[in-house]
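So the working numbering is basically just the index in the sequence shown, starting at one, shifted up by 2.
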Amino acid sequence: MPTRTIRGPAPAAPNSSGWFQAAFSCTRLIMLTVALVGRPNVGKSTLFNRLIGRRMALVDDRPGVTRDRREGEARLGRLRFRAIDTAGFEDADAESLAGRMRAQTEAAIADADAVLFLIDARAGIIPDDRAFADLLRRAGKPVVLVANKAESKKGWEGAYEAFELGLGEPVPVSAEHNEGMSELHDALQAALESVLETAAATDSDDSGISEGNESKEDAPNRPIRVAVVGRPNAGKSTLINRLIGEDRLVTGPEAGITRDTISIDFEHGGRRFVLHDTAGIRRRPRVQDKLEKLSVADALNAIRFAEVVVLLLDATHPFEEQDLRIADLVLKEGRALVLGMNKRDLVDDKDVAPKKLREDADHWLPQAKGVPIFAVSGQAGEGLDRLMQAVVKMHEVWNKRFSTSALNRWLEGVISAHTPPAPSGRVIKLRYMTQPKSRPPTFILFGTRTSMLPDAYVRYLVNSLRDTFDMPGVPIRLHFREADNPFAGKD
3 MPTRTIRGPA PAAPNSSGWF QAAFSCTRLI MLTVALVGRP NVGKSTLFNR LIGRRMALVD
63 DRPGVTRDRR EGEARLGRLR FRAIDTAGFE DADAESLAGR MRAQTEAAIA DADAVLFLID
123 ARAGIIPDDR AFADLLRRAG KPVVLVANKA ESKKGWEGAY EAFELGLGEP VPVSAEHNEG
183 MSELHDALQA ALESVLETAA ATDSDDSGIS EGNESKEDAP NRPIRVAVVG RPNAGKSTLI
243 NRLIGEDRLV TGPEAGITRD TISIDFEHGG RRFVLHDTAG IRRRPRVQDK LEKLSVADAL
303 NAIRFAEVVV LLLDATHPFE EQDLRIADLV LKEGRALVLG MNKRDLVDDK DVAPKKLRED
363 ADHWLPQAKG VPIFAVSGQA GEGLDRLMQA VVKMHEVWNK RFSTSALNRW LEGVISAHTP
423 PAPSGRVIKL RYMTQPKSRP PTFILFGTRT SMLPDAYVRY LVNSLRDTFD MPGVPIRLHF
483 READNPFAGK D
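Here it is in structure tokens:
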């Protein structure tokens with residue numbers, strides 16, 4: 003349901019002329035939800051990106067690009083609201099992909115306080131527009147009729163045709179060229195004003211309205227950003243739907259349903275998360291379609307901005323080459339990694355026994371020794387609690403810091419156990435160590451001739467760090483610096 007956060011005292015006269023403007027002033031903020039709806043390819047995602055001020059939703063000339071609901075904080079003049087981009091509305095069987103997309107659009111309308119109904123002004127009114135208008139009238143939400151693509155004379159003529167829909171005066175705009183935004187602001191303000199007046203009359207005792215004077219969140223209470231990635235049809239959207247307890251994302255047997263990276267706020271076990279559902283990532287040579295390239299790029303960005311990445315493997319075909327490529331990419335980006343062996347209900351129990359999963363993970367991903375791996379089923383809801391507990395644990399490990407004294411005691415021990423080699427008789431000395439940063443844990447080791455250290459000895463140091471300081475599966479950055487030679491440059 004939409005949330006309304008109000009700062010400052012409640013207005014004395016809800017119907018006064020200045021009340022709505024005061025609602026969006028610096029002293030008072032009311033966050034309402036506006037859904038952008040319409041048939042496919044009318045420019046909903048383009049307008050959504052325009053309202054939130056950045057390219058968040060994928061945009062392409064072909065219809066049906068958007069499939070899942072995408073939300074973002076929008077701004078139009080002085081108005082601030084939460085916008086929902088939706089899939090194109092089509093009359094289709096409920097079990098088909100188009101029908102499941104339509105159900106998501108209907109859910110967005112139900113959650114919204116007001117609706118921006120977009121039509122293609124250049125194409126004029128078609129039967130699907132009329133069917134959609136009937137649905138919106140039954141929903142009983144304030145509707146702003148937006149005639150998009152009205153930058154030409156033909157577009158203006160199509161905009162006037164929209165009067166026959168019976169939803170009031172259409173607002174001609176061009177989301178792509180940023181035209182008509184002032185008129186859209188006025189129309190949306192009028193629609194939201196009616197919502198706010200109704201809410202003020204209904205919630206006169208402040209029921210359901212929370213004060214918004216909270217201070218900035220403390221770091222421990224910030225949500226953990228989690229990206230769920232994997233190959234196409236690994237069950238990412240199904241697993242997230244099961245976690246949040248609702249059919250928030252479009253799912254089905256078809257591979258590649260998800261295109262946009264969708265962010266969802268979620269709370270589990272007293273901890274807050276922001277889950278990012280991503281498109282399936284195939285091998286680069288197979289990605290030829292422009293839209294799929296955009297989807298994969300969106301997924302890679304989700305990995306870069308995540309703190310913990312859950313890589314879902316298909317238990318019926320685990321640890322394929324592409325799974326290992328994605329895992330390696332996550333580790334190179336320095337993100338904490340958790341493996342989920344999904345679809346465990348489709349294989350024998352011996353194939354997903356904890357001991358076997360541990361052996362397989364350490365064999366195929368030696369660079370992330372000890373990475374947590376769990377057998378889960380997004381369809382049946384099995385193993386999800388343990389998976390989220392591992393996400394929290396890995397986030398804590400990813401943020402670990404250690405004292406310089408503890409690190410140098412460790413360094414003395416590993417050098418005593420295995421002295422660094424002396425290539426060509428040249429002695430390598432490792433003097434001291436420090437940790438300049440975490441997220442991921444990063445260490446600097448000072449010494450002489452450190453560039454000559456063999457890779458095997460570097461792996462020995464990293465694995466010893468991982469075991470001694472209990473950092474399983476987390477990427478560890480170990481940098482070397484040469485100690486200054488006081489005699490360099492002297493005769």
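Ideal placement from N, C-alpha and C gives every residue a C-beta, glycine not left out.
So what's residue 154 in DSSP terms, helix, strand or just coil? The answer is coil: DSSP assigns residue 154 none of H, G, I, E or B.
Given residue 23, which residues of its chain have a CB within under 6 Å of its CB, disregarding the five upstream and five downstream residues? Low confidence applies to residue 23: its pLDDT is 48, below 50, so where it sits in the model is not reliable, and the reading given next is rough at best. For residue 23, where only same-chain residues beyond five positions count, there are no Cβ hits under 6 Å.
Round the Cβ separation of residue 332 and residue 305 to the nearest angstrom and send it over; I've been treating them as touching at under 8 Å. 6 Å between Cβ atoms; contact.
Considering only residues of the same chain and omitting the five flanking positions on each side of residue 175, which have a CB-CB separation below 8 Å? Answer for residue 175: 49, 148, 149, 150, 152, 181, 182, 183, 185 and 186, listed in chain order.
Compute the Euclidean distance between the alpha carbons of residue 463 and residue 86, then round it to the nearest angstrom. Residue 463 and residue 86 have their C-alpha atoms some 49 Å from each other.
Quick one: measure Cβ to Cβ for residue 228 and residue 117, integer angstroms, because I've assumed they're closer than 8 Å. Not confirmed; about 31 Å, so no contact.
Mind listing, in chain order, the continuous beta strand (DSSP E) runs of no fewer than 3 residues lying wholly within the segment 416–469? Listed in chain order, they are 431–439 and 444–450.
Which word fits residue 283, buried or exposed, when buried means at least 16 other C-beta atoms lie within 10 angstroms of its C-beta? Buried, because 16 or more other Cβ atoms sit within 10 Å of the Cβ of residue 283.
Considering just the uninterrupted stretch of the alpha helix (DSSP H) at residue 264, what are its terminal residues? Residue range 264–270 is occupied by the beta strand (DSSP E) that includes residue 264, with no alpha helix (DSSP H) assigned at that position.
With a cut-off of 8 Å, do at least 3 Cβ pairs link the segment 117–127 to the segment 35–43? Contact between the segment 117–127 and the segment 35–43 is present, because at least three Cβ pairs lie under 8 Å.
Quick check on residue 316: does DSSP put it in helix, strand or coil? DSSP, reduced to helix, strand and coil, places residue 316 within a strand of the structure shown.
How far does the beta strand (DSSP E) with residue 171 in it extend, from its first residue to its last? Residue 171 -> no beta strand (DSSP E), and no H or E assigned at all.
Within the same chain, show all residues whose beta-carbon is closer than 6 Å to that of residue 190, passing over the 5 residues directly before and after it, in chain order. Excluding sequence neighbours, residue 190 sits near 146.
On the three-state DSSP scale, how would you describe residue 179? Residue state, collapsed to three classes: coil.
Over the uninterrupted alpha helix (DSSP H) stretch that includes residue 54, give me the two end residues. Its alpha helix (DSSP H) spans residues 46–54.
Give the single residue among 400, 439 and 455 whose Cα lies nearest to the Cα of residue 427. Here the closest residue by C-alpha is 455.
May I ask you to verify whether the segment 228–241 touches the segment 312–321, counting CB pairs closer than 8 Å and requiring at least 3? The segment 228–241 makes contact with the segment 312–321; the number of CB pairs closer than 8 Å reaches 3 or more.
Sorted by chain position, which residues of the same chain lie with C-beta nearer than 8 Å to residue 78's C-beta, five sequence neighbours on each side aside? Once the five neighbours on either side are set aside, the close Cβ partners of residue 78 are 53, 183, 186, 187 and 190.
Along the chain, where does the alpha helix (DSSP H) containing residue 375 start, and where does it finish? For residue 375, no alpha helix (DSSP H) run applies; the uninterrupted beta strand (DSSP E) run containing it begins and ends at 375–377, by DSSP.
Residue range of the alpha helix (DSSP H) that includes residue 243: Counting along the chain, the alpha helix (DSSP H) containing residue 243 begins and ends at 238–246.
Give the secondary structure of residue 306 by DSSP, where H, G and I count as helix, E and B as strand, and everything else as coil. In the structure shown, residue 306 sits in a helix (DSSP, three-state: H, G or I).
At the level of alpha carbons, what is the spacing between residue 411 and residue 446? Our two residues, residue 411 and residue 446, have alpha carbons roughly 15 Å apart in a direct line.
Return yes when at least one heavy atom of the ligand MN lies under 6 Å from the C-beta of residue 139, else no. With respect to the ligand MN, the structure shown offers nothing to examine, as it has no ligands at all.
Under the rule that 16 or more other beta-carbon atoms within 10 Å means buried, what is residue 356, buried or exposed? Residue 356 should be labelled exposed.
Taking the continuous alpha helix (DSSP H) assigned at residue 387, which residues delimit it? Where residue 387 is concerned, the enclosing alpha helix (DSSP H) stretches over 386–400.
When we look at the beta-carbon of residue 107 and count the other beta-carbons within 10 Å, is it buried (16 or more) or exposed? Buried is the label assigned to residue 107, since at least 16 other Cβ atoms lie within 10 Å of its Cβ.
Touch check for the segment 417–426 and the segment 398–405: three-plus C-beta pairs under 8 Å? Flag = no, the segment 417–426 and the segment 398–405 do not touch.
Quick one: what's got a C-beta closer than 8 Å to residue 271's C-beta in the same chain, skipping five residues either side? Closer than 8 Å at the Cβ level, and outside the excluded window around residue 271, lie 387, 390, 391 and 394.
Measuring only the C-alpha atoms, how far is residue 134 from residue 301? Taking the straight line from one Cα to the other gives about 32 Å.
Out of 441, 114 and 450, which one is the CA nearest neighbour of residue 434? Of the listed residues, the one whose Cα sits closest to residue 434 is 450.
Cα-Cα separation between residue 57 and residue 72, rounded to whole angstroms: Roughly 12 Å between the two C-alpha positions.
Please state whether DSSP places residue 231 in a helix, a strand or coil. When DSSP states are grouped into helix, strand and coil, residue 231 belongs to the strand group.
When the Cα atoms are used, what is the spatial distance from residue 144 to residue 114? Taking the straight line joining both Cα atoms gives about 10 Å.
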